[in-house]
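Numbering (the working numbering), first residue to last: 170 to 873.
One structure below.
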């Protein structure tokens, strides 16, 4: 752990609580300092102390006045000041009833934050030149479009232009187009549009000749929109337009593709209802306030921008597809931005569409795709350090509360104040709650949940905002389901839960969940997801054996979402063709080069289903379960057969079961009805027999 200075402010009546807590806190590598009014007259103390501690990271234990510290640090050209809400933890935690428990909570959170440090990741670049499409149903937004056109290149795409008075100044295009669909991202949007007015406003000079020439007076002189109900389509307007060719009835309702850097969508329900919207798109509906905010954002979104590349992908262990057979689609199904698509035997992730939720990494059974911004190895090491500090400072029951960045900095403190018991008293949890901010609530999954429990945490709670819950509740619930099923089988009860922001009061409800009693594991987290889960599960199972004397010889049944399991083979159907072995991405199904055997290593199985899809005899079935101990690593025979020997030369060339099945199905076929025994010959002998047969005409004789 890097040496760090942590300054904790004790203002607004929390000074005594802070002082008591800090007196009892002891974490290796961290110096805690109680700083009164640190964000005002105590700021010089923070800066001067930081300068003296050469090479040390500096943390301020309050996030309320973060902007103040950042501005002063920037002006003084000092090293970066980092922030962790320890004061809010002290004031909002039930641990304030006990200075010892408060000290343990502070120690754990400070240890986590000071240990959590990641390397930069590659950047994804965006280039916006300021071309904006405002999509609307009517001309209501014309005035705002004109205002935005003072700074950007604006097209107002309107389905019905009949209510528009075209401005004299042509500083923007008003186009009679209905937007059918949208795709893309900041700097590269593609809109599929349909023409709704015969007049092409981009080519029209607004001379009014068509209005004067129209025999049915169907053309509005204000909007140059043709009323198709009264128009006789005589062509007088087309003739009057002449060589400008701005009027055409032939391509009415034709679709075309248009490109923009940004899109402001004033329609309902919006163009990206099937996914989380990409960067550069604002859905404002009929709200003028949202439209004004989007316009301001658009003005500031011109130039080159970058965001992190959130993921790392290793196609060699991806279980998505083999030989045009579809296997695992977990990441594709979980991605709310539709950034992931199938690309043959692997997946393809569009880094411009990826917004870094990390849900794909949570549901991936093999670890082929992993979250790069906060690697599991770094996150897990920080969790391990936090638990160690919590226990070393006398902490009793620890609950990690994982949440996204859209929560208020003092959300836990505010929730504690508003939570009341039935008697009106402040609700008090029997856990010390440790809030951990993630890039997204879905970016951490079973490998780290199980590792945290193995390191000694007592419960994991994931808090989702309304937006997060709408997109990720289902895949996250599936992962929580199989993990809790496993924990219950190990006698640990259900220790993983998901709450949305409207259920935060449940954090402070009394629970019958006891401390896990797990002795903290010492292993370091592997870069391989399967190995991380295996180490954690093995440790939890070992602890369960010590408590209950169970040997867990029988497999633990798990829900279908689990990435562990077995494969059942119908021996009557299986011909040992070994198609499944070449399809298996995890080497769970293997052959025996010495004997006709199909073997299985359960530890390797990820339940992707590629073997089931590939099997030509429909002889395979998945069974989600977890087999513990050495048996999971052993090669066991699922099916075997005696080798079949060629009836001519005696060479083994297949299995007895396969040849018998083939003979039963093909011996009556016209190709073999007179020479069915060729099915029992090897390839060489079969050809020899065909050429030596005197009662058959070969293809060469036919050609002669």
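Glycine included, C-beta positions come from ideal geometry on N, C-alpha and C.
Cβ-based neighbour list, residue i, same chain, cut-off 7 Å, excluding 5 preceding and 5 following
{"i": "residue 422", "result": "363, 364"}
{"i": "residue 660", "result": "713, 716, 717"}
{"i": "residue 378", "result": "409, 410"}
{"i": "residue 253", "result": "228, 230, 278, 279, 282"}
{"i": "residue 383", "result": "405, 406"}
Residue i versus residue j - alpha carbon distance
{"i": "residue 838", "j": "residue 513", "result": "36 Å"}
{"i": "residue 649", "j": "residue 829", "result": "47 Å"}
{"i": "residue 541", "j": "residue 500", "result": "15 Å"}
{"i": "residue 854", "j": "residue 749", "result": "28 Å"}
{"i": "residue 440", "j": "residue 360", "result": "10 Å"}
{"i": "residue 433", "j": "residue 478", "result": "25 Å"}
{"i": "residue 178", "j": "residue 435", "result": "46 Å"}
{"i": "residue 407", "j": "residue 391", "result": "18 Å"}
{"i": "residue 726", "j": "residue 820", "result": "44 Å"}
{"i": "residue 270", "j": "residue 569", "result": "15 Å"}
{"i": "residue 666", "j": "residue 629", "result": "7 Å"}
{"i": "residue 274", "j": "residue 601", "result": "6 Å"}
{"i": "residue 736", "j": "residue 765", "result": "18 Å"}
{"i": "residue 835", "j": "residue 841", "result": "7 Å"}
{"i": "residue 635", "j": "residue 358", "result": "27 Å"}
{"i": "residue 292", "j": "residue 480", "result": "11 Å"}
{"i": "residue 701", "j": "residue 617", "result": "8 Å"}
{"i": "residue 874", "j": "residue 561", "result": "In the structure as shown, the chain begins at 170 and stops at 873. Residue 874 is therefore absent and cannot be evaluated."}
{"i": "residue 567", "j": "residue 341", "result": "59 Å"}
{"i": "residue 817", "j": "residue 738", "result": "32 Å"}
{"i": "residue 132", "j": "residue 249", "result": "The structure shown has nothing for residue 132, since the chain only spans 170 to 873."}
{"i": "residue 708", "j": "residue 539", "result": "23 Å"}
{"i": "residue 517", "j": "residue 489", "result": "11 Å"}
{"i": "residue 798", "j": "residue 710", "result": "9 Å"}
{"i": "residue 443", "j": "residue 418", "result": "33 Å"}
{"i": "residue 633", "j": "residue 351", "result": "28 Å"}
{"i": "residue 402", "j": "residue 455", "result": "35 Å"}
Close Cβ partners of residue i (< 6 Å) along its chain, the five nearest in sequence each way excluded
{"i": "residue 277", "result": "555, 558, 559, 603"}
{"i": "residue 208", "result": "234, 237"}
{"i": "residue 157", "result": "A question about residue 157 goes unanswered here, because the residues of the chain that appear run from 170 up to 873."}
{"i": "residue 801", "result": "771, 772"}
{"i": "residue 263", "result": "Interpretation of residue 263 is limited by its pLDDT of 46, a score under 50 that renders its predicted location unreliable; the figure taken from the coordinates is listed afterwards. If we look at residue 263 and ignore the five residues flanking it on each side, its Cβ neighbours are 597, 598."}
{"i": "residue 563", "result": "269, 273"}
{"i": "residue 705", "result": "619, 620, 623"}
{"i": "residue 427", "result": "360, 362"}
Sequence-distant residues of its chain with Cβ nearer than 8 Å to residue i (five each side left out)
{"i": "residue 486", "result": "535, 536, 537, 754, 755"}
{"i": "residue 644", "result": "499, 502, 503, 528, 531, 532, 611"}
{"i": "residue 856", "result": "none"}
{"i": "residue 222", "result": "The pLDDT assigned to residue 222 is 49, lower than 50, so where the model puts this residue is not dependable, and the model offers no usable value."}
{"i": "residue 697", "result": "536"}
{"i": "residue 494", "result": "752, 779, 782, 783"}
{"i": "residue 305", "result": "325, 326, 327, 328, 435, 436"}
Test item: CB-CB of residue i and residue j under 8 Å
{"i": "residue 662", "j": "residue 688", "result": "no"}
{"i": "residue 615", "j": "residue 522", "result": "no"}
{"i": "residue 324", "j": "residue 344", "result": "yes"}
{"i": "residue 752", "j": "residue 783", "result": "yes"}
{"i": "residue 744", "j": "residue 786", "result": "yes"}
{"i": "residue 768", "j": "residue 807", "result": "yes"}
{"i": "residue 453", "j": "residue 320", "result": "no"}
{"i": "residue 228", "j": "residue 204", "result": "no"}
{"i": "residue 728", "j": "residue 658", "result": "no"}
{"i": "residue 300", "j": "residue 429", "result": "yes"}
{"i": "residue 356", "j": "residue 295", "result": "yes"}
{"i": "residue 366", "j": "residue 333", "result": "no"}
{"i": "residue 607", "j": "residue 572", "result": "yes"}
{"i": "residue 588", "j": "residue 677", "result": "yes"}
{"i": "residue 734", "j": "residue 656", "result": "no"}
CB contact check: residue i to chain D, cutoff 8 Å
{"i": "residue 685", "result": "Of the protein chains in the structure, only one exists, and it is not chain D."}
Exercise for the section: Taking 8 Å as the threshold, find out whether the region 772-788 comes into contact with the region 851-862 through three or more Cβ pairs. Expected result: By the criterion of at least three beta-carbon pairs nearer than 8 Å, the region 772-788 is not in contact with the region 851-862.
Exercise for the section: Could you tell me whether the region 469-476 touches the region 497-512, using the rule of 3 or more Cβ pairs below 8 Å? Expected result: Cβ pair count under 8 Å is below three, so no.
Problem - Entirely enclosed alpha helix (DSSP H) segments - the region 255-316, minimum 4 residues - result: For the region 255-316, whole alpha helix (DSSP H) runs of length 4 or above, ordered along the chain, are 255-261, 268-284.
Handout entry: Three CB pairs or more closer than 8 Å across the region 523-530 and the region 606-618
Key = Below 8 Å, enough C-beta pairs join the region 523-530 and the region 606-618 to call them touching: three or more.
Practice task
Assess, as a yes-or-no matter, whether the region 566-584 is touched by the region 672-691 under the definition of 3 or more beta carbon pairs within less than 8 Å.
Solution key: Taking 8 Å as the limit for Cβ pairs, the verdict is that the region 566-584 does touch the region 672-691.
Problem - Contiguous beta strand (DSSP E) assignments of at least 3 residues, all confined to the region 373-459 - result: Given a length threshold of 3 residues, each whole run of the beta strand (DSSP E) inside the region 373-459 is given here in chain order: 424-429, 431-434, 450-452.
Handout entry: Contained beta strand (DSSP E) runs [length at least 3] in the region 803-855, N- to C-terminal order
Key = With a minimum length of 3 residues, the continuous beta strand (DSSP E) runs that stay inside the region 803-855 are 805-809, 812-814, 821-824.
Exercise for the section: Any chance you could list the alpha helix (DSSP H) runs of at least 4 consecutive residues sitting entirely within the region 479-522, in chain order? Expected result: For the region 479-522, whole alpha helix (DSSP H) runs of length 4 or above, ordered along the chain, are 499-503.
Exercise for the section: Just list the beta strand (DSSP E) runs in the region 320-374, keeping only unbroken ones of 3 residues or longer that don't cross its boundaries, in chain order. Expected result: As far as the region 320-374 is concerned, its whole beta strand (DSSP E) runs of at least 3 residues are 322-327, 342-352, 358-364.
Problem - Whole beta strand (DSSP E) elements within the region 536-570, 3-residue minimum - result: If we require 3 residues or more, the beta strand (DSSP E) runs fully inside the region 536-570 come out as 538-540.
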